[in-house]
Amino acid sequence: QEPLTASMLAAAPPQEQKQMLGERLYPLILAMHPSLAGKITGMLLEIDNSELLLLLESPESLHSKIEEAVAVLQAHQISESTHKS
Amino acid sequence: GSSSVNWPPEFRPGEPWKGYPNIDP
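In order, the protein sequence lines correspond to chains A and Y.
So the mapping is simple: the working numbering equals the position in the first sequence, first residue as 1, plus 6.
So the mapping is simple: the working numbering equals the position in the second sequence, first residue as 1, plus 1.
In structure tokens:
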């Protein structure tokens, strides 16, 4: 699979740009967190496209960003569940 | 209130990404 480039993204409409990035991110996240992959991908897609491209080129940066997202997601889920007694 | 129950939006491979509200043309 050829790497996703900024020019490939620029040629697509904004909605499709996120789709393209998500399709690249999802399998990488799935390998780390199979049960949370869809939601983590959704969270990471809130990041700027240019930064997402950098993350795709840098596995270490992506790894730490995924761990960050997992921590935020878990904290969110805990606060959701404690809110309703 | 349960305003943030649906956060975060879930990405599903092969399906159009609908995490953001569509911008009306």
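In this text, a Cβ means the ideal position worked out from N, Cα and C, and glycines have one as well.
Chain-ordered neighbours of residue i on chain Y, where CB pairs are closer than 7 Å
i	result
A/GLU29	PRO14
Given residue i as reference, the closest of the options once Cα atoms are compared
i	options	result
A/GLU8	A/MET26, A/SER70, A/ALA43	A/MET26
A/ILE53	A/GLU66, A/ILE72, A/ALA17	A/ILE72
A/ALA43	Y/TRP18, Y/PHE12, Y/LYS19	Y/PHE12
Y/PRO17	A/LEU68, A/HIS82, A/GLY48	A/GLY48
Y/TRP8	A/SER87, A/LEU62, A/GLU74, A/LYS45	A/LYS45
A/MET38	A/GLU74, A/PRO20, A/ALA81	A/GLU74
A/LEU50	A/GLU63, A/TYR32, A/SER64	A/TYR32
Run of the alpha helix (DSSP H) containing residue i, from where it starts to where it stops
i	result
A/GLY48	43-50
A/ILE84	65-89
Residue i - DSSP class collapsed to helix/strand/coil
i	result
A/GLN2	The structure shown does not extend to residue 2 of chain A, since chain A spans only 7 to 91, so no value can be given for it.
A/GLU57	helix
Y/ARG13	coil
A/LEU10	coil
A/PRO20	helix
Within chain Y, the residues that residue i reaches when beta carbons sit closer than 8 Å
i	result
A/LEU79	PRO9
Next item on the list: Below 7 Å between beta carbons is the criterion; list the residues of the segment 33-65 of chain A that meet it against any residue of chain Y, in chain order.
Entry: GLY44, LYS45, THR47, GLY48, MET49, LEU51
Checklist line | Under 7 Å (Cβ pairs) to chain Y, residues found in the segment 14-26 of chain A | finding: GLN21, LYS24, GLN25
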